[in-house]
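A.B. asks: Quick note: the sequence shown uses full-length UniProt numbering, first residue 1, plus one each step.
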Amino acid sequence: MTSILWLRRDLRRADHPALAAAHADGEVLPVFLLDPAIYDSAGPVRQAWLARTLRALDDSYDGRLCLRHGKPEHIIAALAKEVGATSVHVSTETEPDGAARDARVRAALANDGVGWVETGSPYAVTPGRVRNAQGDPYRVFTPFSRAWREHGWRGPSLEPKGLTFAHAESDDTAWATLDDAATADGLPDLPEPGEQAAMQRWHDFLDDGLAHYAADRDRPDRDGTSRLSPYLKFGVVHPRTLLADLVGRSAKGADRYGTELAWREFYADVLHHNPDSLWHDLRGDLGAMAYDDDPDLIEAWRQGRTGYPFVDAGLRQLLAMGWMHNRVRMVTASFLAKDLHVWWPAGAKHFLNHLIDGDLASNNHGWQWVAGTGTDAAPYFRVFNPVTQGQKFDPDGSYVRRWVPELRHLDGADAHEPWQQPDGYAHDYPQRIVDHAEQRREALDRLAAAKAG
């Protein structure tokens, strides 16, 4: 018998429960589908990262990855008929659009008598399983994190023995589309794709970075994070694998890293229970908030030309690398939401267009955390100061000088305040587009008006 393994956010071979389940049903046909609804909405950087990841995946599956293009409910059902598959195996999808898509495919397969089997998910604990004593989902991170750890997770899944792959021709135009994306002009330097590269990065971090992670993770001027988020995005590595490797490691660093993985799981759980929160405020008490939509200011923010060096460094890093340090993501998001008074979806969409690790749940609920409209949100009156944040987390200005060449002539922390230096604008760095102190007061006034109205 032949079973189809439909790969989505699980682009790996190791620690893959759905692969093991498919193998138990017979010869396995690994399939990836270029769904226009998803692929066409991705920015060029994420398309390139996906393309390179799929080439590496094809190598790991001995060149047997079947690539097709089209609507899943049509293509998967037709492919099952083509190869005589008796079952289609997947990792459970809990994001709103993905779950709706799977329901359509499952119905199409049922009409043909083909089984649908869900095994595992992109998370250590599948969203929806962690609940409080009353059986309700959590809306605050700390109790969720505690319950998530108490719930626990299975150990990594072993690769099945005697694995054999079926064959079906790929859509040549689909591979051509991906190859064009992978080699498009103007792409930033992307990480090495594939499982081997991911695990090499992880083991290097375990050996050299984990012990200092708790202290260094907020420092964008240091290589203090694992940089595994792009691999987690497409499931090149599973969080369960990482959690297993943390056991017995440096207590402080391992605990802090586990907490960051818990945030990813928390946001996925929140989105699972509140699908409308993907593009709308989770909290309803700020619905009367007044927002601005000045296209010139928004474009200055997108291009990293706000006149605030720490903000601009982060936004330019995003454009150059397809990635931004997490601390700087919070500061740049706060600047758009609180200093420019722009509703958070505008920034969330910009991030998703450029980030190679652009995870819907983490990105959009992270934005809501900063904007004060989501679960476990930072209070709306908490406004990140773009200057003092830079001085604290990039104390000698090296991060700013790396990404803002107009300020490389300024020594040390002077790079954070060019307006205080006689030659601060010698190389055409832009003036500040708003006054932070004034806009902080304006944000608080708008908050008071929204709560009163």
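Every residue gets a Cβ at the ideal spot worked out from N, C-alpha and C, and that includes glycine.
#1: Specify, as a first and last residue, the run of the beta strand (DSSP E) that PRO30 falls within.
#2: Spatial neighbours of TYR399 within its chain, please: C-beta separation below 6 Å, excluding the five flanking residues on both sides.
#3: Run through the DSSP bridge pairs and tell me what GLY113 is partnered with.
#4: Measuring CB to CB, does VAL404 end up less than 8 Å from PRO309?
#5: Between the C-alpha atoms of PHE234 and GLY453, what's the straight-line distance to the nearest angstrom?
#6: ILE433 lies in the beta strand (DSSP E); which residues open and close that run?
#7: Would you list the residues sitting across from VAL270 in a DSSP beta bridge?
#8: Assuming the contact rule is C-beta atoms closer than 8 Å, TRP301 and PHE335 should be a hit. Round their C-beta distance to whole Å, please.
#9: Using the three-state DSSP reduction, which class does TRP6 fall into: helix, strand or coil?
#10: Are the CB atoms of HIS365 and residue 457 within a distance shorter than 8 Å?
#11: Give the single residue among TYR123, LEU318, ALA37 and LEU109 whose Cα lies nearest to the Cα of GLU93.
#12: Judging by CA-CA distance, which residue of THR373, CYS66 and MET1 is the nearest neighbour of LEU282?
#13: Does DSSP classify PHE165 as helix, strand or coil?
#14: Rounded to the nearest angstrom, how far is the Cβ of LYS252 from that of ALA214, given a contact under 8 Å?
#15: Along the chain, where does the beta strand (DSSP E) containing ALA85 start, and where does it finish?
#16: With 16 as the cutoff for other CB atoms within 10 Å, does HIS323 come out buried or exposed?
#17: Between which two residues does the alpha helix (DSSP H) holding HIS416 run?
#18: Which runs of the alpha helix (DSSP H) spanning at least 4 residues fall entirely within the segment 347-392, listed in chain order?
#19: Rounded to the nearest angstrom, what separates ASN132 and THR259 at their Cα positions?
#20: Where does ALA176 land, buried or exposed, given buried means 16+ other C-beta within 10 angstroms?
#21: Compare the beta carbon distance of HIS238 and ASP15 with 8 Å and say whether it is the shorter of the two.
#22: Check whether the segment 23-35 touches the segment 63-81, taking contact to mean three or more Cβ pairs, one atom from each stretch, closer than 8 Å.
#23: Which same chain residues, not among the five before or five after ALA182, have their C-beta less than 6 Å away from its C-beta?
#24: With a cut-off of 8 Å on the beta carbons, I'd call THR86 and MET1 a contact; round off their distance for me.
#25: Given this structure, state the Cα-to-Cα distance separating SER229 from ASP269, to the nearest angstrom.
#26: Could you give the first and the last residue of the continuous beta strand (DSSP E) run that contains ARG68?
#27: Sort ASP136, PRO345 and VAL387 by Cα distance to TRP367 and report the nearest one.
#28: Just the C-alpha distance for HIS280 and VAL45, rounded to the nearest angstrom, thanks.
#29: Quick check on GLU159: does DSSP put it in helix, strand or coil?
#30: Rounded to whole angstroms, what's the CA-CA distance from LYS81 to ASP25? Just pull it up for me.
#31: Under three-state DSSP, which class holds GLU192?
#32: For TRP116 and ASP10, I'd like the C-alpha separation in whole angstroms.
#33: Closest to TRP6 by CA distance: which of PRO386, ALA20, ARG64 and SER91 is it?
#34: Going by the CB atoms, is the gap between VAL434 and ASP292 shorter than 8 Å?
#35: For my contact list, VAL311 and VAL342 are in at a C-beta cut-off of 8 Å; report their separation, rounded to the angstrom.
#36: Where in the segment 90-152 do unbroken runs of the alpha helix (DSSP H), each at least 4 residues long, occur, reported from the N-terminal end onward?
C.D. replies: Taking the definition as stated:
#1: Segment 27-34, the beta strand (DSSP E) holding PRO30.
#2: PRO220, ASP221 and ALA313
#3: Partner(s): none; GLY113 has no beta bridge.
#4: PRO309 sits close to VAL404, with the two beta carbons spaced by under 8 Å.
#5: Going by C-alpha positions, PHE234 is about 43 Å away from GLY453.
#6: Run containing ILE433: none; DSSP gives neither H nor E here.
#7: In DSSP, VAL270 forms no bridge with anything.
#8: 7 Å
#9: strand
#10: In the structure as shown, the chain starts at 1 and stops at 453, and residue 457 therefore has no counterpart that could be examined.
#11: TYR123
#12: THR373
#13: strand
#14: About 5 Å separates the beta carbon of LYS252 from that of ALA214, a gap short enough to meet the 8 Å contact definition.
#15: Here the beta strand (DSSP E) through ALA85 covers 85-90.
#16: Before going further, note that residue 323 is Trp rather than His in the sequence given. It counts as buried.
#17: Looking at the DSSP string, HIS416 is not in any alpha helix (DSSP H), and its letter there is neither H nor E.
#18: 360-371
#19: Rounded to whole angstroms, the gap between the alpha carbons of ASN132 and THR259 is 19 Å.
#20: exposed
#21: yes
#22: yes
#23: ALA48, ALA51 and ARG52
#24: Taking a contact as a CB-CB distance under 8 Å, the pair THR86 and MET1 counts as one, their CB atoms being some 5 Å apart.
#25: 18 Å
#26: For ARG68, the uninterrupted beta strand (DSSP E) segment begins and ends at 66-69.
#27: Restricting attention to ASP136, PRO345 and VAL387, the CA atom closest to the CA of TRP367 is found in PRO345.
#28: 26 Å
#29: coil
#30: 16 Å
#31: coil
#32: For TRP116 and ASP10, the gap between their C-alpha atoms comes out near 17 Å.
#33: With distances taken between CA atoms, TRP6 lies nearest to SER91 out of PRO386, ALA20, ARG64 and SER91.
#34: no
#35: So it is not a contact: roughly 13 Å between Cβ atoms.
#36: 96-111 and 141-151
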